[in-house]
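To convert, take the position in the sequence shown, counting from 1, and add 127; that gives this note's numbering.
Report on the structure given below.
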Amino acid sequence: MTTLTIDVADVNTVKASMKAAFRGVPQGCSFSFPNEAQLLATLNANRWAILKALTGAGPLGVRELARRVGRDVKGVHTDAQALVNCGLIDKTNTGKLSLPYDEVRLELIVRAAAA
Numbered sequence: 128m129t130t131l132t133i134d135v136a137d138v139n140t141v142k143a144s145m146k147a148a149f150r151g152v153p154q155g156c157s158f159s160f161p162n163e164a165q166l167l168a169t170l171n172a173n174r175w176a177i178l179k180a181l182t183g184a185g186p187l188g189v190r191e192l193a194r195r196v197g198r199d200v201k202g203v204h205t206d207a208q209a210l211v212n213c214g215l216i217d218k219t220n221t222g223k224l225s226l227p228y229d230e231v232r233l234e235l236i237v238r239a240a241a242a
């Protein structure tokens, strides 16, 4: 099973992960946003539904994707394009949308502020 983990990480954390990967340390598949606000603005409820519909489904056309999420084609196209533009989903040479993972995990961590 291939899993994509979506999280929030600062640039230094991402760089450290990349350096470890270059040393051969397995990192898994991840997509990091620089802050919670950007993650939540990008992954609204409609876009999360698109990710859920694409998970494990193979490449889908926009019309089929719209049918699966119960929305109009134009709205799904707009939201899917935003996900393509940020790099979360892929667009094939034939124009179909793809998320090549069997599972997507969203990690948001809240810690108590230092006193």
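C-beta atoms are modelled at their ideal positions from N, C-alpha and C, and glycine is treated no differently.
Being a predicted model, the structure only gives us computed values, none of them experimental.
query: Starting from the Cα of Thr219, find the closest Cα among Gly185, Asp137, Asn173 and give me that residue.; result: Gly185
query: For Ile133, which beta-bridge partners are listed by DSSP?; result: Phe158, Leu233
query: Quick check on the burial criterion: 16 or more other C-beta atoms within 10 angstroms. Buried or exposed for Asp206?; result: buried
query: Find the nearest neighbour of Lys179 within the set Arg238, Leu210, Gln154, judged by alpha-carbon distance.; result: Leu210
query: Phe160 and Val135 - do their beta-carbons sit closer together than 8 angstroms?; result: yes
query: Report the residue ranges of all alpha helix (DSSP H) runs contained in full by the region 175-238; include only those spanning at least 4 residues, in chain order.; result: 189-196, 200-213
query: With C-beta atoms as the reference, is Val189 less than 8 angstroms away from Val196?; result: no
query: Whole angstroms is fine: what's the gap from Glu234's alpha carbon to Gly202's?; result: 26 angstroms
query: Return the residue from the list Val237, Ile216, Thr221 that minimises the CA-CA distance to Pro227.; result: Ile216
query: Between Glu230, Glu163, Leu170, which lies nearest to Ile236 when the distance is taken from Cα to Cα?; result: Glu163
query: Assuming contact is defined by CB atoms lying nearer than 8 angstroms, are Thr130 and Glu191 in contact in what I supplied?; result: no
query: Is the separation between the beta-carbon of Thr132 and that of Gly155 shorter than 8 angstroms?; result: yes
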